[in-house]
Amino acid sequence: NHIANEGGHYKGKLYAWDVTNEIMNEDGTWRSSVWYNTIGPAFVPIAFRAARAADPNVKLYMNDYNVEGTGAKSNAYYTLAQTLLAQGVPVQGMGAQAHLIVGSLPGNIATNVNRFVALGLEFAFTELDIRMTLPATSSLLATQATNYATVTSACVGSPGCVGITTWDTSDDHSWIPGVFPGEGAALLFDGNKKPKPAYNAVADVLAAATVTGSFTGWYTP
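The sequence shown begins at 200 in our numbering and counts up by one.
Put into structure tokens, the structure is as follows:
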């Protein structure tokens, strides 16, 4: 009843839920979890249907890391999405966490976004940051700006990519240094809250984009 309680508490107030998060290994096999180990892949449709029962209007997503480009892991999610849709399971979106590395973006990001959108799903970059080996240099910051522009362009270039969320705003609050020693400077603002070249690169892509539709916000108190 966790989904019923949580979903019911926020019913009508949220744009979307990540119903499943990090359920696949890097090679596209199922990740070990209490749910998978107990009932197998059936836990996914069960969870989505429970989420839909709790809130009939919220968007329901799958979410994971290392699924930004095409590859074994994103292929597994694509196949899973096809299966769930064929079964009438109310999956509506694919979230890519997008914890990326400067100069090492995955290939075919736009292609990957568009193939999920072609299934009728939304796509979102849900935890974007692009880290580098410290100290930050002008060259690394310039490459980071290009990388941020690439991700942003992949989203604005697809009618079904609905948003990009960065995983905090400034480098002094980033999770990266605590998990990846010697790395950091992953966000749009530096530790002094000053915009970095990546901020300007994202702003340029957004300024050039054609905006259609409307958006009323992620959360309604």
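From the three backbone atoms N, C-alpha and C, an ideal C-beta is built for every residue, glycine too.
In terms of residues, what are the limits of the alpha helix (DSSP H) holding residue i?
i, result
"Tyr260", "Counting along the chain, Tyr260 falls outside any alpha helix (DSSP H), though it belongs to the beta strand (DSSP E) covering 258-263."
"Trp366", "Element bounds for Trp366: n/a, residue is neither H nor E."
"Asn220", "Here Asn220 belongs to no alpha helix (DSSP H); instead the beta strand (DSSP E) covers 215-220."
"Glu205", "201-208"
"Leu405", "396-407"
"Val355", "337-355"
"Gly377", "375-378"
"Lys212", "Segment: none, Lys212 is in no alpha helix (DSSP H) and carries neither H nor E."
"Gln281", "271-285"
"Val316", "308-317"
"Ala241", "No alpha helix (DSSP H) contains Ala241, which DSSP labels as neither H nor E."
Just grab the DSSP bridge partners of residue i for me.
i, result
"Asp328", "His298"
"Glu382", "Thr332"
"Phe322", "Met293, Cys360"
"Phe388", "Ser369, Pro394"
"Trp229", "Met223"
For residue i, tell me which candidate among the options has the shortest Cα-Cα distance.
i, options, result
"Thr342", "Gly306, Ile300, Asp371", "Ile300"
"Gly227", "Arg251, Lys392, Val266", "Val266"
"Ile245", "Asp217, Tyr264, Glu382, Val288", "Val288"
"Pro334", "Leu283, Leu304, Pro358, Gly390", "Gly390"
"Asn220", "Tyr260, Pro240, Leu283", "Tyr260"
"Lys272", "Asn224, Leu283, Val312", "Asn224"
"Thr336", "Ala385, Ala309, Tyr277", "Ala385"
"Val243", "Lys212, Leu279, His372", "Leu279"
"Thr310", "Leu339, Leu340, Asn274", "Asn274"
Does the distance from the CB of residue i to the CB of residue j come in under 8 Å?
i, j, result
"Gly302", "Ala253", "no"
"Lys258", "Ala297", "no"
"Asp217", "Gly270", "no"
"Thr364", "Leu327", "yes"
"Ala353", "Val401", "no"
"Val350", "Phe324", "yes"
"Gly306", "Gly359", "no"
"Ala344", "Val404", "no"
Considering only residues of the same chain and omitting the five flanking positions on each side of residue i, which have a CB-CB separation below 8 Å?
i, result
"Gln281", "Leu318"
"Phe388", "Thr368, Ser369, Asp370, Pro394, Lys395, Tyr398"
"Ala316", "Just to set this straight, residue 316 is Val in the shown sequence, not Ala. Contacts found: Phe322, Ser357, Pro358, Gly359, Cys360."
"Phe379", "Arg330"
Within a Cβ cutoff of 7 Å, which residues of the same chain sit near residue i, ignoring the five residues on either side of it in sequence?
i, result
"Thr332", "Gly381, Glu382"
"Ile202", "Ala246, Ala249, Ala250, Ala253"
"Pro240", "Trp229"
Tell me which residues share the same chain as residue i and place their Cβ nearer than 6 Å to its Cβ, disregarding the 5 neighbours each side in the sequence.
i, result
"Asn256", "none"
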